[in-house]
Structures are given as structure tokens and as C-alpha cells.
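Peer 1: Residue numbers for the sequence shown, in the numbering used here: 21 to 283.
Note that CB positions come from ideal geometry on N, CA and C, so glycine has one too.
Mind having a look at this structure? Questions to follow.
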Amino acid sequence: MKPIISSRRNHEIKTLYSLRKQKERRKQGLFLIDGVLPLRQALESSLKIKKIYFTEEKINVSLNQLAKKQNIPLQPITNSVNEKITYGNRKDGYTAIAHIPDLSVSSLQLTKNPLIILSESLEKPGNIGAIIRSAEAAGANLHIAASPITDIYNPNIIRNSRGAIFRLKQAVLSSEEAKEWFKKNQIKVFAARPGNGPNYTEADFTGPTAILIGNEHSGLSSVWKDVPSIQIRMKGTTDSLNAAQSATLLLFEALRQRDSIHS
21 MKPIISSRRN HEIKTLYSLR KQKERRKQGL FLIDGVLPLR QALESSLKIK KIYFTEEKIN
81 VSLNQLAKKQ NIPLQPITNS VNEKITYGNR KDGYTAIAHI PDLSVSSLQL TKNPLIILSE
141 SLEKPGNIGA IIRSAEAAGA NLHIAASPIT DIYNPNIIRN SRGAIFRLKQ AVLSSEEAKE
201 WFKKNQIKVF AARPGNGPNY TEADFTGPTA ILIGNEHSGL SSVWKDVPSI QIRMKGTTDS
261 LNAAQSATLL LFEALRQRDS IHS
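This is the structure in C-alpha cells:
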């Protein structure tokens, strides 16, 4: 095992800590994974992990064995160093550096009868993470972050996805790219808009489907103006649900419909 890193001023630790900034993640093509649960999900995916840092007091034997099988370097650190590099109040003593995978349109492979969720220009990382979590749970094949405001590997997105971000294919495209790809692959597109269009339960999600969720304040951009609308009808005076709640309802309605044709 490598010698323990005990100094917060260590060059390697400074480089790692710089990845808390979006600018550095984009520049270096790397991001951080915090915590045992998301790291285990990442290790069980095709993601390329560069290095894992852990505190010996919180050592997770099965996680380390999984890393060793993949020849991923393991670096012990002190609690003091861990407190510097870890995100939020996590106390399980694990942080990893991973390579950002190809998120471009060229990385997309069409699956049979795909179910796709697209989030456009969402501002809150927590909403994006929750949408990814719901999408993976509902059996979706792809999440597209269209014209995003934040990068897809923001730590709050990873945390709120509960590791689902590593089990569900991700893509980052412009809205125009996404629309063209849907058209090229004959994917039926539904735009979620408050108070506009038929109720979501009346839509047919059984074929190749993409569901669009817009910005928390301004909704979907004009790129999607010609796309059919669906809505979640409200009984009370509230005019809309938040982005993650809306996506969850629509995705699980798609799952219900798809399950019903096979039962």
C-alpha cells in the first residue's frame, strides 16, 4: 500500500481539491466521486476511475477488493486531508477521481424501444440528480442534459442521483442536437408544459419515447415549440410541480404503460 498522505498542502491533494470547481472539471476532464455508495455504483459501471482516496479508519474491505480487481490505485489519507477534499458532511472516508466519459451525440447508441428523459437548462443540480434517479428506477435508457447550466458531474447531481448517474447513460447536447437526433431516430417527443395539452395519462409512451422537462422558471425553450405538449392536471390551486416531481410522474406512467402491454 502507498504511504499515507497527511498534508493538506500536498500537490496531489491540491490538484484533487481543484476539481470541486466546474471550470477545472471541464479543463482536466476529471471529476470527483464522494462516498461509498456512489463509488460502488461507479466501480460496477464502465466508468474509468483514476484513483481512490480513503481513510484507514473507515476502510471498506469489499470496496477496496473491487478496486484492486480493476487495478485502480488506492491511496490512504488522514482524516484531516479527508475533511479538506470530501464534499458536504460525508463521513465514510472515500473520495475518487474519475474520467469524464464521452457525453457527445456520437456516443449514443439506440436501444430497442428507448425511453429517454431530457432536462433542458435546469438550474438546480438537486433536480437533475433526482430526475436521473427516477429515470433509472423507471427503466429509462438515457438522460440528456440539453443546453445545461451546470455540468453533469456536479457533486450535488451525483449525490441526489444516489449513484444512478453511473447506471444510466448520460449525454450532454445542445437542444438543437437533441431534437435532430430524435428526428433521425424516429423517437416520439412529448413536452411537459403546465396547463397545456392533454393529461399525461392520455399520451402513448409505449413506443420509442422522449419526455422533455424544461427550466424551473422559464420552461422549455423555443426549440421545442412545435413538439406536442402534455400536462399534469392539478386539482388544487398550485399551478405546477417541480421539475423532478413532474419527471417522476411521467416516467412511471411510461413504465406502467409499457408493463401493461407485456402483462
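Label ASN174 either buried or exposed according to how many other C-beta atoms from any shown protein chain fall within 10 Å of its C-beta, with 16 as the threshold for buried.
Peer 2: Burial call: buried.
Peer 1: Look at the Cβ atom of ALA184, then the Cβ atom of ILE164, and state whether they are nearer than 8 Å.
Peer 2: No; because the gap between Cβ atoms is not below 8 Å, this pair is not in contact.
Peer 1: Taking its Cβ as the centre, do 16 or more other Cβ atoms sit within 10 Å of ILE25, making it buried, or is it exposed?
Peer 2: With 16 or more other Cβ atoms within 10 Å, it is buried.
Peer 1: Once the 5 residues before and after ALA150 are set aside, which same chain residues still bring their CB inside 6 Å of it?
Peer 2: Within the same chain, ALA150 has close Cβ partners ASN180 and ALA264.
Peer 1: Given 8 Å as the limit, is there contact between the region 49-56 and the region 104-115, that is, 3 or more CB pairs closer than that?
Peer 2: Enough Cβ pairs lie closer than 8 Å, so yes.
Peer 1: In whole angstroms, give me the CA-to-CA distance for ALA211 and GLY256.
Peer 2: Those two C-alpha atoms are separated by around 22 Å.
Peer 1: Going by the CB atoms, is the gap between LEU138 and ALA230 shorter than 8 Å?
Peer 2: Yes, Cβ-Cβ distance for ALA230 and LEU138 is below 8 Å.
Peer 1: If you scan the region 89-114 from start to end, which runs of the alpha helix (DSSP H) of 4 or more residues do you find wholly inside it?
Peer 2: Qualifying alpha helix (DSSP H) stretches, in chain order: 99-105.
Peer 1: Excluding sequence positions up to five away, which residues of its chain have a Cβ less than 8 Å from the Cβ of GLN277?
Peer 2: Excluding sequence neighbours, GLN277 sits near ASP224, PHE225 and THR226.
Peer 1: If contact is defined by three or more beta carbon pairs under 8 Å, each pair taking one atom from either stretch, is the region 57-73 in contact with the region 117-136?
Peer 2: These segments touch.
Peer 1: Taking PHE272 as part of the alpha helix (DSSP H), name the residues at either end of that continuous run.
Peer 2: Element bounds for PHE272: 263-280.
Peer 1: By DSSP, does GLY227 sit in helix, in strand, or in coil?
Peer 2: Note: GLY227 maps to coil in three-state DSSP.
Peer 1: If you run the structure through DSSP and keep just helix, strand and coil, what is VAL247?
Peer 2: Residue state, collapsed to three classes: coil.
Peer 1: Do GLU156 and TYR220 have their C-beta atoms within less than 8 Å of each other?
Peer 2: Contact: no.
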